[in-house]
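In the working numbering, the protein residues as written are 63 to 123. In this text, a Cβ means the ideal position worked out from N, Cα and C, and glycines have one as well. Bear in mind the structure is a predicted one, so any value in this text is a computation, not a measurement. Working notes for the structure below.
Here it is, written out as structure tokens:
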């Protein structure tokens with residue numbers, strides 16, 4: 063079994079601040095993901111969906 067090394071994982075980590083993040087769909091899961099990303103100060107939160115977003119989510123941008 064391979065040993066888990068935290069230092070190796072931390073080296074590959076990056077911040078979401080200033081990044082553009084997108085989701086495919088904005089149903090229940092996509093909506094919650096976009097809501098949870100808001101505090102990370104992303105540059106833009108994008109989504110792709112065939113239906114329009116509710117007004118409360120559009121204001122998350």
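Considering only residues of the same chain and omitting the five flanking positions on each side of residue i, which have a CB-CB separation below 6 Å?
i: residue 82; result: 105, 106
i: residue 84; result: 108
i: residue 103; result: 79
Keeping to the same chain, check which residues put their C-beta closer than 8 Å to that of residue i; ignore five residues upstream and five downstream.
i: residue 87; result: 109, 110, 111
What did DSSP end up calling residue i once you bin it into helix, strand or coil?
i: residue 107; result: strand
i: residue 92; result: helix
What separation, rounded to the nearest whole angstrom, lies between the Cα atoms of residue i and residue j?
i: residue 89; j: residue 77; result: 25 Å
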